[in-house]
Amino acid sequence: MALIVQKYGGTSVGSTERIKNVARRVAKWQKAGHDVIVVVSAMSGETNRLIALAQEIQKNPDPRELDVVASTGEQVTIGLLAMALKALGRKAKSYTGPQVRILTDNAFTKARIKEIDAHRIREDLENGNVVIVAGFQGCDSEGNITTLGRGGSDTSAVALAAALKADECLIFTDVDGIYTTDPRVVSNARKMDKVAFEEILEMASLGSKVLQIRSVEFAGKYKVPTRVLSSLTDPDIPIEEEEESGTLITFEDSKMERVLVSGIAFSRNEAKITLPHVPDVPGIAYKILGSIAEANIEVDMIVQNASKDGMTDFSFTVARSDLDKALKVIEKEVSPYIQEGGVLSDPSIAKISVVGVGMRSHAGVAAKMFKVLAEENINIKMITTSEIRVSIIVDEKYMELAVRALHKAFGLDKETRSMEQSRLMH
Ligand code: ADP
Ligand code: ASP
Ligand code: MG
Numbered sequence: 079m080a081l082i083v084q085k086y087g088g089t090s091v092g093s094t095e096r097i098k099n100v101a102r103r104v105a106k107w108q109k110a111g112h113d114v115i116v117v118v119s120a121m122s123g124e125t126n127r128l129i130a131l132a133q134e135i136q137k138n139p140d141p142r143e144l145d146v147v148a149s150t151g152e153q154v155t156i157g158l159l160a161m162a163l164k165a166l167g168r169k170a171k172s173y174t175g176p177q178v179r180i181l182t183d184n185a186f187t188k189a190r191i192k193e194i195d196a197h198r199i200r201e202d203l204e205n206g207n208v209v210i211v212a213g214f215q216g217c218d219s220e221g222n223i224t225t226l227g228r229g230g231s232d233t234s235a236v237a238l239a240a241a242l243k244a245d246e247c248l249i250f251t252d253v254d255g256i257y258t259t260d261p262r263v264v265s266n267a268r269k270m271d272k273v274a275f276e277e278i279l280e281m282a283s284l285g286s287k288v289l290q291i292r293s294v295e296f297a298g299k300y301k302v303p304t305r306v307l308s309s310l311t312d313p314d315i316p317i318e319e320e321e322e323s324g325t326l327i328t329f330e331d332s333k334m335e336r337v338l339v340s341g342i343a344f345s346r347n348e349a350k351i352t353l354p355h356v357p358d359v360p361g362i363a364y365k366i367l368g369s370i371a372e373a374n375i376e377v378d379m380i381v382q383n384a385s386k387d388g389m390t391d392f393s394f395t396v397a398r399s400d401l402d403k404a405l406k407v408i409e410k411e412v413s414p415y416i417q418e419g420g421v422l423s424d425p426s427i428a429k430i431s432v433v434g435v436g437m438r439s440h441a442g443v444a445a446k447m448f449k450v451l452a453e454e455n456i457n458i459k460m461i462t463t464s465e466i467r468v469s470i471i472v473d474e475k476y477m478e479l480a481v482r483a484l485h486k487a488f489g490l491d492k493e494t495r496s497m498e499q500s501r502l503m504h
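Per my numbering, the sequence shown starts with residue 79, numbered consecutively.
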């Protein structure tokens, strides 16, 4: 008998029919003798609908009240799932995040989990209940409702698995595992049976939405055995089959895992700001980026051109949703440095990242990437690298073309990736 946390995302609970299927799947695990904690998202589209409602009232909704509204989607699903389980003759109890006492900080709309009170869940499990917990939410030390950022139910699930020392955390979703890139964009993307923790951490941080980045951080910190698998299979398939399916996140540092490139992540949520012709003197980057940081805006890539006549162009990227705010800050705080042409901004860019732990020991991944894009006539606007990834910025309209070309060029559609990749590199 094991303690299993299962998480079902928006599509997986997108209709009452699907919720009944989730109940059948959960009941199967419980009947087999396992203790099951289920974390659910809101029904698909519901969180967007709630946020849009808030924006109809206030263009930039008050963050505390936005969390009060946005967290309600999950409350509907937990209740419906508990009913569906009871209809199957199982004992079940549903809880919101604050009811469990998932304690977070007070950063509304992007709160971090600090502590989880597990005693009530343990009691319910001992009494034979399936415990159903609303994902995406918690409360701060004063009892205010908080949410964990979009996609946050993944984090609720992995954090609960860590707090309760679960044997496994199963993330059920609308694809059958983690692929080399988003299978909705590259039709011959390949499902991976295993993925190294570092790689999925990087992919998640670079915009691949299959797992929220913080859930991967929790999985790594507490070594939670985590598997991503499909919720759309027959709910009655044998447990042994289900346990072998999907993609397992691995933590071991195996040589076998050291493929050069294991995946491609991309994100449209990017915007570029350029201050042309600013003085190339000490402190200028601090002056510009310091004011941006003070406004709580995260900067991603930064490029400063070579100096000419003591002047330089300074560019950086921010999340697209922060662009207006960032431009206002620049105009207010950095105005003495803004030339006649003003500040330039480009909201139609995308970031593409090639990720792989094997890059550490091989030069040339970046060069190959640039060659592929040159052959497709795609202009690269910015570049950053780390030990295990190369990221570039391109015009958004070329994003899908670039992702497909790179996926092919790095042999990611092939079974024997490492061999194929090393051959391609020579
Ligand atoms: P859920 O509602 O279950 O949390 P999400 O929509 O948040 O599901 O995440 C699953 C989606 O992530 C898939 O439908 C897929 O389009 C997308 N995705 C992006 N990158 C990948 C990848 N590398 N592997 C699998 N899915 C990916
Ligand atoms: N319902 C929330 C969202 O849409 C959380 C989640 O689905 O993980 O972002
Ligand atoms: Mg998700």
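Where a beta carbon is used, it is the ideal one built from N, C-alpha and C, also for glycine.
Any heavy atom of ligand 1 closer than 6 Å to the beta-carbon of residue i?
i	result
S507	Residue 507 is absent from the structure shown; the chain starts at 79 and stops at 504.
T390	no
V83	no
K486	no
S286	yes
I256	yes
V253	yes
D491	no
D260	yes
Please determine whether the Cβ atom of residue i lies at a distance below 6 Å from any heavy atom of ligand 2.
i	result
F214	yes
T43	What the structure shows of the chain is the stretch from 79 to 504, and residue 43 is not part of that stretch, so it cannot be assessed.
A132	no
A282	no
T187	no
T155	no
T125	yes
S231	yes
S120	Note that residue 120 is Ala in the sequence shown, not Ser. Yes, ligand 2 has a heavy atom inside 6 Å of this Cβ.
My guess is that residue i and residue j are in contact by the Cβ rule of under 8 Å, so how many angstroms apart are they, rounded?
i	j	result
L159	V118	6 Å
F250	S308	7 Å
E277	G229	18 Å between Cβ atoms; not a contact.
T506	R292	Only positions 79 to 504 of the chain appear in this structure, which leaves residue 506 out of reach.
L405	V421	6 Å
V209	I115	5 Å
V253	P261	6 Å
K350	S423	7 Å
G521	V306	For residue 521 there is no data in the structure shown, the boundaries of the chain being 79 and 504.
How would you write the range of the beta strand (DSSP E) that residue i sits in, first residue to last?
i	result
S172	169–173
M79	That residue, M79, is in no beta strand (DSSP E); it is neither H nor E in DSSP.
G229	Here G229 belongs to no beta strand (DSSP E), and DSSP marks it neither H nor E.
I196	First, the residue type needs correcting, since residue 196 is Ala and not Ile in the sequence shown. Run containing A196: none; DSSP gives neither H nor E here.
M379	377–382
V116	113–118
N347	341–357
E246	246–251
I471	467–473
Along the chain, where does the alpha helix (DSSP H) containing residue i start, and where does it finish?
i	result
G216	Per DSSP, G216 belongs to no alpha helix (DSSP H); it is in the beta strand (DSSP E), 215–217.
M281	275–283
P141	141–148
L401	401–411
T125	124–135
S369	362–372
N99	94–109
V394	The sequence shown places Phe at residue 394, not Val. No alpha helix (DSSP H) contains F394, which is instead part of the beta strand (DSSP E) from 389–396.
M477	477–487
L451	443–453
L292	The identity of residue 292 in the sequence shown is Arg, whereas the question assumes Leu. Note, R292: alpha helix (DSSP H), 291–300.
Which term fits residue i, buried or exposed, when burial requires 16 or more other beta carbons within 10 angstroms of its beta carbon?
i	result
M497	Confidence at M497 is low in this model, with a pLDDT of 42, below 50, so its placement is unreliable and the value that follows should be read with caution. The residue in question, M497, is exposed, as its Cβ has fewer than 16 Cβ neighbours within 10 Å.
I82	buried
M270	buried
E280	buried
Y257	buried
Q499	With a pLDDT of 47 at Q499, under the threshold of 50, the predicted position of this residue should be treated as unreliable, though the coordinate-derived value follows. By the 10 Å Cβ count, Q499 comes out buried.
R495	Since pLDDT at R495 reaches only 48, below the 50 mark, its modelled position is unreliable, and no value is offered.
G88	buried
E453	exposed
Y86	buried
E152	buried
N455	exposed
H131	Position check: residue 131 holds Leu in this sequence, whereas His was assumed. With fewer than 16 other Cβ atoms within 10 Å, it is exposed.
Q136	exposed
P139	buried
Can we count residue i as close to ligand 5, meaning its CB is less than 6 Å from some heavy atom?
i	result
M460	With respect to ligand 5, the structure shown offers nothing to examine, as its ligands consist of ligand 1, ligand 2 and ligand 3.
Can you list, in chain order, every residue whose CB sits closer than 5 Å to a heavy atom of ligand 3?
G87, G229
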